[in-house]
Structures are given as C-alpha cells and as structure tokens.
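A short write-up of the structure that comes next.
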Amino acid sequence: MSGRRRALGERVQLGVVRGLARLPGRVQVLLSGERPVVVDGLRLDPQFQLVRSLRQRKGLVGLTTPGLDLQRARRRFTREAVAFAGPRTPVRATRDFTISGPAGPLAVRHYAPAAADPQPLLVFLHGGGFVFGDIETHDEPCRLLCAFAGMHVLSVEYRLAPEHPFPAALDDTLAALRWARGHAASLGGDGRRVAVGGDSAGGNLAAVAARLATRSGDAPVAQLLIYPATDATTPRRSHELFGDGYILTNADRLEFTRLYVDGSGRAAGDDRVSPLHAPDLGELPPALVVTAGFDVLRDEGEAYAEALRRAGTTTRLCRVESLGHGFINLGGIVPAARRETIAIAREWRALVDTITH
Numbered sequence: 468m469s470g471r472r473r474a475l476g477e478r479v480q481l482g483v484v485r486g487l488a489r490l491p492g493r494v495q496v497l498l499s500g501e502r503p504v505v506v507d508g509l510r511l512d513p514q515f516q517l518v519r520s521l522r523q524r525k526g527l528v529g530l531t532t533p534g535l536d537l538q539r540a541r542r543r544f545t546r547e548a549v550a551f552a553g554p555r556t557p558v559r560a561t562r563d564f565t566i567s568g569p570a571g572p573l574a575v576r577h578y579a580p581a582a583a584d585p586q587p588l589l590v591f592l593h594g595g596g597f598v599f600g601d602i603e604t605h606d607e608p609c610r611l612l613c614a615f616a617g618m619h620v621l622s623v624e625y626r627l628a629p630e631h632p633f634p635a636a637l638d639d640t641l642a643a644l645r646w647a648r649g650h651a652a653s654l655g656g657d658g659r660r661v662a663v664g665g666d667s668a669g670g671n672l673a674a675v676a677a678r679l680a681t682r683s684g685d686a687p688v689a690q691l692l693i694y695p696a697t698d699a700t701t702p703r704r705s706h707e708l709f710g711d712g713y714i715l716t717n718a719d720r721l722e723f724t725r726l727y728v729d730g731s732g733r734a735a736g737d738d739r740v741s742p743l744h745a746p747d748l749g750e751l752p753p754a755l756v757v758t759a760g761f762d763v764l765r766d767e768g769e770a771y772a773e774a775l776r777r778a779g780t781t782t783r784l785c786r787v788e789s790l791g792h793g794f795i796n797l798g799g800i801v802p803a804a805r806r807e808t809i810a811i812a813r814e815w816r817a818l819v820d821t822i823t824h
C-alpha cells in the first residue's frame, strides 16, 4: 500500500473513532466487543476502552513493534496525536521560533494566555518515549495548559533517540530552561515564576532538570510531572497489570529505554535516566505529580511522588483513576481526558499561586 493510501485510510479510521466517541458509554463498551474493564478495583473509561479496542483490531497493541520502522512509527504517532486531540483550544497568541541549544537551534512554540500582565511561564517537554513526538503532537495539551492555567507555555522540540541518545534530550531541556529564565519577560512572562513540566518521557526530563537546575542554583519555581517515567530498572506491579494493551505497553517501556540509553555509555539506573534513584530529593521545587489508573507507569510515578514527600519536597499527587497512559493527547475523542487535562491545568495554577518570591 502506498504511503498516500495508507495515510488516507488512517484518516478515515480516525474520523470513525471520533464519531463513535460521541455515542453513550454503554454503547461504546458493546462496540468494543468486551465487557467493562475492571482492574485493580478501577473501571476503565468506556471511551478509552473503545479507543484501546479499535487500536488492537488494527494490530496496534502498543507504540512499538518488533522490527520497528522508526520513521513510519513516528509519522503514525504524530497523525494519531493530532487527530485524537480534537479542535484547537483558542489562546491569545502562538509563535514558533528557535532558541540556541547545545548542538544547534531548538524549535520551540510559545503559547500566550489571555491575561496581558506578566504570568508564570511553563517550559513543557512532550512525551513519546524519548523517541517519538514534537511540538505538533502536544499542541492541544499545551493549549489547554495555557488557557486553563492562565500561564505562558514554551513547548520544546528536543532531540530524539536513537539518533541522539542520552543525554541529548536532557541537555536540550536544561538549555531551554536557562533560556526561559533569561527571556521570560520578552515573551510577556514573569521571570521569577518559570516552571518546568512534561508528560511521560517529558515528565522524566522535567523531573531530572528540576533537580539538576536546583542543585546548580537556578531552580524552577515548580515542576509538573504527568505520568512520568521515573525508574527504568525496578519491576513494579503496574508493569504487570497494565503491561499489555493500554496504549503504552511494558515492552514499549523497555524498548524506549533501550533506544534512549544505548550508545550513551550510561546505565538505565543512572539517576539522570531514573530520577527515583537520586540520592537526595529534598529541597526541590514543589511538584504536581499526575498518574493514570490504567498506566504501566502508574506505580513508578506514585513512588516518585512519595519519595519527594519523604525528602521534604512539597508534593501533590493526583491519580486519574479511569484513564490510561497518554490521555492528555486524547481530548478530542475521550471527553473525560479533556476534562481531566483541564482539571490538571487548574490544579497546576493553584500550586504555582501558593509559591511566593
């Protein structure tokens, strides 16, 4: 099948999914061909269950497959993310430009909130296993954070593995955070309130960057960690419970880690790869940690939140019980995903507003 025909077929399928998402939940469960999914005492959202079922019928159990065609998989990831996001949430303005990175220019996108007076600025790192994703795949999540948190968002297109293994993405993250601290005012932001955040792999980068920047004396004001990857070495119960068929699989988790660290000379247990292994998590910026009930990364994200708390770092943990990994990218087809992302944005702003400088 030609690339054009394949892309057309996928667009048609995505349109069908959006149409099915408007049906009542009970009908969606019937169409999925399954009974309601209940695991660990939690019930999976029916729209999320339908998306999961339709992807499985297409042979898409997770995000990676044996003998992965990396470029094709990246294009599919981007098409799904853009299509599943739904209509764009309006913000006052957006602008694409580049900033200086450690190995050349970094593409970024700035989202400006409605308020014209200086507001906090969130440096956002997209998910995608360190291998997939860009500023386009996470356009709508960034719009929702900007609109409903009422703050500036700077989305960063960091270098991807395996072409650029660890620590390339982390180096880009730290460079973007430094740039934002020095240029927030030029974007209309408050340079005293620059935060860092991200989802999945981006949550990992945000967690590590928050710690390293703090130790170097340039701490962000807060950290937003949405279903972050925090421990690439320790088996966890959620790895088994949700390891097969909830968008991100345990095999995906292992393969993304391999692609990220191979060739870097670093082990997966390095605390810049697995931030839960860091010896000191105290005196870090306040954190909002969000996990998903049906997510292979759930337990390591919650373990990280608990480790932050034990070390004395102010931490809020929110588990979105009925959804799975990647839900912030599903707002156009899973209504609960959009509602929860908006709730995260509001909780995030509430946390930032408690911090005085």
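Okay, so the sequence shown: first residue is 468 according to this note's numbering, each after it adds one.
C-beta: ideal position from N, C-alpha, C; glycine also.
Environment of residue i [buried if 16+ CB atoms lie within 10 Å]
i	result
D762	buried
A680	buried
T823	exposed
S705	buried
S567	exposed
E607	buried
L583	According to the sequence provided, residue 583 is Ala. The question's Leu does not apply to it. Counting Cβ neighbours within 10 Å, A583 comes out exposed, since fewer than 16 surround it.
T724	buried
A560	exposed
P556	Residue 556 is actually Thr in this sequence, not Pro. Buried: at least 16 other Cβ atoms inside 10 Å.
D820	exposed
G534	exposed
Q514	buried
Same chain, Cβ closer than 8 Å to residue i, neighbours up to 5 away in sequence not counted
i	result
V506	L708, F709 and F761
R813	F615 and A616
G655	A579, A583, P585, Q586 and H619
Residue i - DSSP class collapsed to helix/strand/coil
i	result
A662	strand
D563	strand
F607	Note on residue identity: the sequence assigns Glu, not Phe, to residue 607. Helix, per DSSP.
E788	strand
R473	Because the pLDDT at R473 is just 47, under 50, the model does not fix this residue reliably, and the point stays unresolved.
L641	helix
G799	coil
L509	strand
G712	coil
D657	strand
G793	coil
Own chain residues within Cβ distance below 6 Å of residue i, not counting five before or after
i	result
I602	R576, S622 and E624
P572	T565
Start-to-end residues for the beta strand (DSSP E) that takes in residue i
i	result
L573	G571 to A579
P587	Q586 to L592
V688	Premise fails: V688 is in no beta strand (DSSP E) and is neither H nor E.
H619	H619 to E624
Range covered by the alpha helix (DSSP H) that runs through residue i
i	result
H744	Where H744 is concerned, there is no enclosing alpha helix (DSSP H), given that its DSSP letter is neither H nor E.
T681	A668 to R682
S705	R704 to L708
Beta-carbon proximity list for residue i, same chain, < 7 Å, skipping 5 on both sides
i	result
L743	T697, D698, E767, A770, Y771 and A774
A735	A699, T700, T724, V728 and S741
C-beta neighbour in chain D for residue i, strict 9 Å
i	result
A804	Among the chains in the structure shown there is no chain D, since it carries only a single protein chain.
| said: To test your reading of the DSSP string, which unbroken alpha helix (DSSP H) runs of 4 or more residues are found completely within the stretch 523-565? | reply: If we require 4 residues or more, the alpha helix (DSSP H) runs fully inside the stretch 523-565 come out as 537-552.
| Whole beta strand (DSSP E) runs in the stretch 715-790 with 3 or more residues, listed along the chain? | Complete beta strand (DSSP E) runs here, min 3: 754-761.
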